[in-house]
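In the working numbering, the protein residues as written are 1290 to 2178.
Every residue gets a Cβ at the ideal spot worked out from N, C-alpha and C, and that includes glycine.
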């Protein structure tokens, strides 16, 4: 249908006038030449023949003129495409194999690029997003290379007027929405008034915050998200100016943000399943007169002035850090530097390296697929060698033949790309797990213009990669040699090219297999890590206990005790406890402490993690008690200040000593804080990440907590059966004790642990799948080369057998040829793996990038698999009938 339509279009555009005009001109020239030769004494026939020879043949001239015009060139391309389709239909086995190989290569490449485009390349939905930056404090010596900023540091950044148009700060929080006979938790943001102007976002209704609303004592106002406005108020536009009750206080609603605005996003886990929940409300952040410089709890984002580069910003921030260190030596002694990153880079830094690794992996897959199809084309070109030679002998120039062969390659690539793009779209459901949860509402996977353009580019590029070399090989062949050699064999150059392509496939496959092996071993190591607790049958949740109702320490403590008293009476509950943070959820606070009589520390303060817990919390997690005792009813506010330390702290503070009875105090030796007596040593808990080394930790009983920085609002409950069965009972207990205090973030501790490895697991699974696919394609490639070799050398093998060669000799002859290719490819692949796997260092845990065991195992697996691919062609060669082979020749 398409061919007929193009023919009609060409006919309507061209008509007969164009050809007739040039035909009459040619006939006129021919008549003049014929008349000239007749005057010279030639007969009319001889004169006509001489004239045609001088013109080069009317038909040849017409054809050259025909090909030099634009529209006929398009017509020729259509004819080439039609001829290519017929040729591909004549070889269905070749066409289907090449099509599927390309579809897999192009499909996986397009799929992974769609994720990279979505996460790393697609601009964030804010005004001039390339000018937005995030700020961080480098506290690497305390284990926090990307720490948040304090109020004073934020104000220092904001003062850099030469660099920034403005800088905003915010902090996540939660509110209890009171009313309608119950309480509901809202996820909110405390922010400076200028956050929305920095991002370049205007409200859908109403206004944003005013500068005076950031001051302590200002009227309470609130901005609502579009989703919250729709769900709670039905999109009522008259709601502005009305009040809602948050944490028992009234807030005036001043605006509604547009539906696409979801900055920033929070990841929540409800009832054992991951769920994404957007921010519901924003309220002004009221700073105290002067906060402590080390209280780093703010996220800061700034907008660069036009023409200011990120390098200039970081140079100025490094200088600012040096100045602050001189002015505030105590507060800044742990700070290495201040630095800024683009907002998009800071949002995606945890997955950037993994996604780029996947993109490199699929690029290898595409190269392997192209090499395999190139080998298929080389094998097929041998069969068509005589056909191409006859066409060139009849006058087809090399460019014409080359164009015909490349047309077939382009058709294969386009068909494979179409099928591959469909496979990529189908895979989006799986690949969305690669998008960071905090960004998933902003970044939906779909086949957009960029991805479609990328698919087209790699289709055309791949057609050149796999089609150009075979086309050049066959189009430059010597005509006499081509017509004389018939089907007896092939040239050494073709064999060399085919062998080189297969060796390259093997090398790339080995590199992918080594990378997959390293990642899978790393993932297995992570799964074997002892987190320091037993997550099975533990339910976690949290209470807000928000101000002003729970500002008083006595009220908060009484609520905690009443909750624990009621929860522990439930039939299936074994133990329960509160803490200021949960493992793998809260990193905790770093506090300076001085261990008494610690020779190892020479009276210099250490910086362990400080955690506040109730009696029963560590028992609920089943953190092992190594020595001493846990907290109990003896550790009251008026008793000797007690502390638990972990194994790491005990070994660092008092190596080869019994730490029980030793004392620790916050700050330096001469600080006013009271000494705490060590009553027990517990196991190391992986609080930050499973892959992080254990940190020094100090646990304090909640009744003796030195500050309110860690409110004990996280509840852990261990049950003897399914923990989710007691959720309704827990809600009833909370409602009885305080109707305005809901349960928040109810989840299983085991799900939190599983979520820690989800990204790595998905990436490792994909890399492993890609490596397996690469191995399969490479195996097919070497099988094809060996089968082609046997076919081309059938006569030679027949002669050898006729002269007395044994079957095992023929078998070894063919296998030796295959082993040569395998060894060369494996050697190149091992060298490449030793170089490239060093890039994986940041993604590995407990395994070296050049792990000898992984490389040896992969090399052996690949060589065995490739050898198996050589066996079938070798056995076919050994069974060749010499009489039949010679008669066929």
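Spatial neighbours of residue i within its chain, please: CB distance less than 8 Å, with the 5 preceding and 5 following residues excluded, ordered by chain position.
i            : result
residue 1964 : 1885, 1930, 1952, 1953 and 1954
residue 2168 : 2096
residue 2057 : 1805, 1808 and 1809
residue 1297 : Annotation note: pLDDT 46 at residue 1297 (below 50); position unreliable, coordinate value reported separately. Counting only Cβ-Cβ distances below 8 Å, and skipping sequence neighbours, we find nothing.
Is DSSP giving residue i helix, strand or coil here?
i            : result
residue 1771 : Here the model assigns residue 1771 a pLDDT of 49, short of 50, so the residue's position is not dependable, and the following value carries that caveat. In the structure shown, residue 1771 sits in a helix (DSSP, three-state: H, G or I).
residue 1583 : coil
residue 1869 : coil
residue 1561 : Bear in mind that the predicted position of residue 1561 carries a pLDDT of just 35, short of 50, making it unreliable; the figure below should be weighed with that in mind. Residue 1561: coil per DSSP, three-state reduction.
residue 1628 : strand
residue 1509 : coil
residue 1477 : strand
residue 1826 : coil
residue 2169 : coil
residue 1267 : The requested residue 1267 does not occur in the structure, where the chain is confined to residues 1290 to 2178.
residue 1347 : Because the pLDDT of residue 1347 is 48, which lies under 50, any placement of that residue in the model is unreliable, and the number read from its coordinates should be weighed accordingly. Residue 1347: helix per DSSP, three-state reduction.
residue 1330 : coil
residue 1777 : Confidence at residue 1777 is low in this model, with a pLDDT of 47, below 50, so its placement is unreliable and the value that follows should be read with caution. DSSP places residue 1777 in coil when its eight states are reduced to three.
residue 1498 : coil
residue 1798 : helix
residue 1855 : helix
residue 1418 : helix
residue 1816 : helix
residue 1534 : strand
residue 1434 : strand
residue 1601 : helix
residue 2161 : helix
residue 1982 : coil
To which residues of the same chain is residue i closer than 7 Å at the C-beta, ignoring the five residues directly before and after it?
i            : result
residue 1863 : 2007, 2008 and 2009
residue 1552 : 1488
residue 1915 : 1936, 1970, 1971 and 1972
residue 1665 : 1383, 1386, 1387 and 2073
residue 1651 : 1397, 1398, 1401 and 2059
residue 2125 : 1800
residue 1617 : 1582
With residue i and residue j assumed to form a contact (beta carbons below 8 Å), what rounded beta-carbon distance in angstroms separates them?
i            : j            : result
residue 2063 : residue 1871 : Not a contact, Cβ separation roughly 41 Å.
residue 1910 : residue 2065 : In fact, because the Cβ distance is near 45 Å, the residues do not count as touching under 8 Å.
residue 1525 : residue 1465 : Not quite, the Cβ-Cβ distance comes to about 22 Å (not below 8 Å), so this is no contact.
residue 1860 : residue 1974 : That pair is no contact at about 29 Å.
residue 1589 : residue 1393 : Rounded, the Cβ-Cβ distance is 45 Å, inconsistent with contact.
residue 1571 : residue 1512 : 4 Å
State the start and end residues of the unbroken beta strand (DSSP E) segment that holds residue i.
i            : result
residue 2004 : 2003–2008
residue 1920 : Careful: residue 1920 lies outside any beta strand (DSSP E) and carries neither H nor E.
residue 1570 : 1570–1573
residue 1546 : Taken as a continuous stretch (DSSP letters only), residue 1546 belongs to no beta strand (DSSP E), as it is neither H nor E.
residue 1949 : Taken as a continuous stretch (DSSP letters only), residue 1949 belongs to no beta strand (DSSP E), as it is neither H nor E.
residue 1233 : No statement about residue 1233 is possible, as the shown extent of the chain runs from 1290 to 2178 and does not include it.
residue 1590 : 1588–1593
residue 1969 : 1965–1971
residue 1898 : 1898–1902
residue 1839 : Neither: residue 1839 is in no beta strand (DSSP E) and is coded neither H nor E.
Within its chain, find whatever has a CB closer than 6 Å to the CB of residue i; leave out the 5 residues flanking it on each side and keep chain order.
i            : result
residue 2038 : 1824, 1827 and 1829
residue 2171 : 2087, 2090 and 2091
residue 2166 : 2079, 2086, 2099 and 2103
residue 1921 : 1904
residue 1591 : 1422, 1453 and 1456
Just to confirm the assignment, what range does the alpha helix (DSSP H) spanning residue i have?
i            : result
residue 2111 : 2096–2125
residue 1619 : 1618–1621
residue 1442 : 1440–1447
residue 2083 : 2083–2091
Within 10 angstroms of the Cβ of residue i, are there 16 or more other Cβ atoms? Answer buried if so, exposed if not.
i            : result
residue 1569 : buried
residue 1877 : buried
residue 1419 : exposed
residue 1984 : buried
residue 2157 : exposed
residue 2114 : buried
residue 1888 : exposed
residue 1573 : buried
residue 2163 : buried
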